Structures are given as C-alpha cells and as structure tokens.
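J.: Have a look at the structure that comes next, please.
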C-alpha cells in the first residue's frame, strides 16, 4: 500500500469514531487555515505477533525510516517514531507498545487470551494497522478489569489497531502565533482540552509544545449494555528551531506521557 493511500485510510478510520476532529478541521479551514499533519500515533502490545516491529511494516514499506525511541516507565510503554525518507511534508508516525512483561500476570494472561483467540492469519495482513479490534471486545467486565491497571490496555481492547490520534502542525497555521492562542480559540468554540500536566505540555526550551482535546466518547454495545467509552482525540504541536535553524523533529517523553491521558476516562469525569 502506498503512503498516500495508507495515510488516507488511517484518517478515514480515525474520523469515523472522532467526529470532533472533523469538526475542528472544518472550523479551522473556515478560518482560512490549510491544515498540515504533524504526526499520527498508533498503539499496540509488545507481543511478538503485534509489536512495533509488526505494526511498522506498512510504513517502512511506504518509505518511512525509524528515527527516535522513547520510554514511559510509569505507563509501562515503549515507543518509536518514524519519518519519511524522501517526503519532508509527510507526517511523522509514532508507534507505542505496552510492555506486557512489566504488567501483572492477570493483564498478561488477558492480552494473551485475546490474541490467541484470533485467527492467527490476521496478524500477517499488510493492513493490520487498519483492522481495529480483531478480537471479540464485547465484555464491559473485561474492559473494566484492564482499566484498573492500564487505561492504555483497556483502550486497545475496545479499539485495537487504528490511529489513536492525528496532530495539527501549528507551525503551518496562519492565524495563531502560539499554542495558547489556538487553545483559547478551541475552548471558546466549546472544545474541552486535556489539562493533565497543564494544557500546554513542553516548553520552547525543549523545542516542542503540545496540547490536545479530550477524547470523544463513543457508544459501545457491550453484552452488559451500552456504555460510552473514550475513543480518540486531536493533538496540536508547535515545533521550535534547533541551533542549526532546522525545526526539532522528535518528541519529548514527559510531554507525550501526559498526552496519552487524553483518552483517560478519569479526565472526562473531571472536565
């Protein structure tokens, strides 16, 4: 699958459960903006059938190259980011995985059962990253059990393989000189922002500032009844020049750690 088709399919799938992203996109375009994408984030488990080395394949085949790696000890996550080898305008790809060996035996067993019950051929598909939950995710009790230990694992149980978020490149916006102005504009238009660690994560000194909306709520029809579960969110990134004058291309682990929480149901309850 070529790069443009892959990214387009990820966007379509993302919008299907994140209507706020489509509305924010339209709102900014009506304001005269041309939206550029900074990066796309994807989640997975570090099981050898679905780990980063598996999820990266369609991107590597489409011309992406691994650049940086990141560790999130408190959330038991490891991540890598990728940049396109020849297209400087292509969005970065950020793939994270839950380090199962650092989780409880109960959570490890739950994930193993999920993966074991799948048709194993599905893990060989080129479009696995677009496949959503390839297991049976109809138990609210299973979701709640995972949520007690790892919001990340609970989100994966419901939504599976897809873009967790897209990110607007704030540097390319015409009418906002900083992230604070953009956040204010969004809040004035009734969007709720992720306030964990402050609305703006990172500093100019760190060469990257980020903010994000809270995830949309999606109705999931569990065996136990319908429940609203946080789905995906929209992120905003402002990059600063390094000493050589080029914009910083990487990520700040401490900031990304708080961005992850945009899907946390606890923040929904506080907003």
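In the numbering used here, the protein residues as written are 269 to 539.
Idealized CB from N, CA, C, for every residue including glycine.
Remember, it's a predicted structure, so these values are computed and weren't measured experimentally.
#1: For residue 484, count neighbouring C-beta atoms within 10 Å of its own C-beta (all shown protein chains included) and say buried if the count is 16 or more, exposed if not.
#2: Who are residue 495's beta bridge partners in DSSP?
#3: Specify the secondary structure class of residue 353 as computed by DSSP and reduced to three states.
#4: Kindly indicate the opening and closing residues of the alpha helix (DSSP H) around residue 278.
#5: Residue 420: which of 308, 273, 500 and 349 sits nearest, CA to CA?
#6: For residue 459, which residues in the same chain have their Cβ closer than 8 Å to its Cβ, ignoring the five residues on either side in sequence?
#7: Counting Cβ pairs, one atom from each stretch, are 3 or more of them under 8 Å apart for the segment 372–382 and the segment 338–351?
#8: Less than 8 Å between the beta carbons of residue 470 and residue 436, yes or no?
#9: Specify the secondary structure class of residue 435 as computed by DSSP and reduced to three states.
#10: Would you please state the rounded distance, in angstroms, between the beta carbons of residue 467 and residue 451? I believe it to be under 8 Å.
#11: For residue 254, which of helix, strand or coil comes out of DSSP?
#12: Would you decide whether residue 455 is buried or exposed? Buried here means 16 or more other CB atoms lie within 10 Å of its CB.
#13: Helix, strand or coil, according to DSSP, for residue 316 in the structure here?
#14: Per DSSP, residue 336 forms a beta bridge with which residues?
#15: Measuring only the C-alpha atoms, how far is residue 316 from residue 299?
#16: Which one of 358, 362, 276 and 444 has the shortest CA to CA distance from residue 346?
#17: Take every Cβ of the segment 486–497, pair it with every Cβ of the segment 396–413, and state whether three or more of those distances are shorter than 8 Å.
#18: Check this for me: beta carbons of residue 516 and residue 510, under 8 Å apart or not?
#19: Residue 365 bridges to which residues according to DSSP?
#20: Mapping the DSSP letters down to three states, classify residue 517 as helix, strand or coil.
#21: Under 8 Å Cβ to Cβ from residue 297, same chain only, skipping five residues before and after it: list those, please.
#22: May I ask you to report which of helix, strand or coil DSSP gives residue 538?
#23: Short check: CB of residue 398 to CB of residue 281, under 8 Å?
#24: DSSP three-state label for residue 509, please.
#25: Between 423, 394 and 274, which lies nearest to residue 412 when the distance is taken from Cα to Cα?
#26: In the DSSP output, which residue or residues are listed as bridge partners for residue 481?
#27: Using 10 angstroms around the beta-carbon of residue 524, count the other beta-carbons present and answer buried if the total reaches 16, otherwise exposed.
T.: Checking against the coordinates, here is how it stands:
#1: Here residue 484 corresponds to residue number 216 of the chain shown, with the count starting at 1. Buried, by the Cβ-count rule.
#2: For this step, residue 495 is matched to residue 227 along the chain shown. According to DSSP, residue 495 bridges with 488.
#3: Your numbering for residue 353 matches position 85 in the chain shown. Note: residue 353 maps to coil in three-state DSSP.
#4: Translated into positions along the chain shown, residue 278 becomes position 10. Residue 278 -> alpha helix (DSSP H) spans 271–285.
#5: Position 152 of the chain shown, counted from the first residue, corresponds to residue 420. Out of 308, 273, 500 and 349, 500 has the C-alpha closest to the C-alpha of residue 420.
#6: For the purposes of this step, residue 459 is identified with residue 191 of the chain shown, where counting begins at 1. Same-chain partners within the cutoff: 288, 292 and 481.
#7: no
#8: Here residue 470 is taken as the residue at index 202 of the chain shown, counted from 1. Here residue 436 is taken as the residue at index 168 of the chain shown, counted from 1. No, these two residues do not count as a Cβ contact at 8 Å.
#9: Locating residue 435 in the chain shown gives position 167, where the first residue counts as 1. The answer is strand: DSSP assigns residue 435 an E or B state.
#10: Residue mapping note: residue 467 aligns to position 199 of the chain shown, counting from 1. Residue mapping note: residue 451 aligns to position 183 of the chain shown, counting from 1. Sure, about 5 Å apart at Cβ, within 8 Å.
#11: Because the chain in this structure spans residues 269 to 539, residue 254 falls outside the shown range and cannot be described.
#12: Position 187 of the chain shown, counted from the first residue, corresponds to residue 455. Classification for residue 455: exposed.
#13: In the chain shown, residue 316 corresponds to position 48, counting from 1. In the structure shown, residue 316 sits in coil (DSSP, three-state: anything other than H, G, I, E or B).
#14: Within the chain shown, numbered from 1, the residue matching residue 336 stands at position 68. Answer by DSSP bridge pairing, in chain order: 349.
#15: For the purposes of this step, residue 316 is identified with residue 48 of the chain shown, where counting begins at 1. For the purposes of this step, residue 299 is identified with residue 31 of the chain shown, where counting begins at 1. Near 45 Å, if we compare the C-alpha coordinates of residue 299 and residue 316.
#16: Mapped onto the chain shown, residue 346 falls at position 78. Considering only alpha carbons, the answer is 362.
#17: yes
#18: As a working note, residue 516 is residue 248 in the chain shown. As a working note, residue 510 is residue 242 in the chain shown. Cβ distance < 8 Å, so residue 516 and residue 510 count as in contact.
#19: On the chain shown, residue 365 is found 97 positions in, with the first residue counted as 1. Residue 365 pairs with 312 and 346.
#20: Position 249 of the chain shown, counted from the first residue, corresponds to residue 517. Residue 517: coil per DSSP, three-state reduction.
#21: As a first step, residue 297 is located in the chain shown; it is residue number 29 there, counting from the start. Correct list, in chain order: 303.
#22: Taking the chain shown and counting its residues from 1, the one referred to as residue 538 is at position 270. Only weak support exists for where residue 538 lies, its pLDDT of 45 falling under 50; the coordinates are left without a value.
#23: Your numbering for residue 398 matches position 130 in the chain shown. Your numbering for residue 281 matches position 13 in the chain shown. The answer is yes: Cβ separation under 8 Å.
#24: Looking up residue 509 in the chain shown gives position 241. Three-state result, residue 509: strand.
#25: Numbered from 1 along the chain shown, position 144 holds the residue referred to as residue 412. The candidate whose alpha carbon is nearest that of residue 412 is 423.
#26: Counting from one through the chain shown, the residue named residue 481 turns up at place 213. Bridge partners of residue 481: 461.
#27: Indexing the chain shown from 1 puts residue 524 at position 256. It is buried - the Cβ of residue 524 has at least 16 other Cβ atoms within 10 Å.
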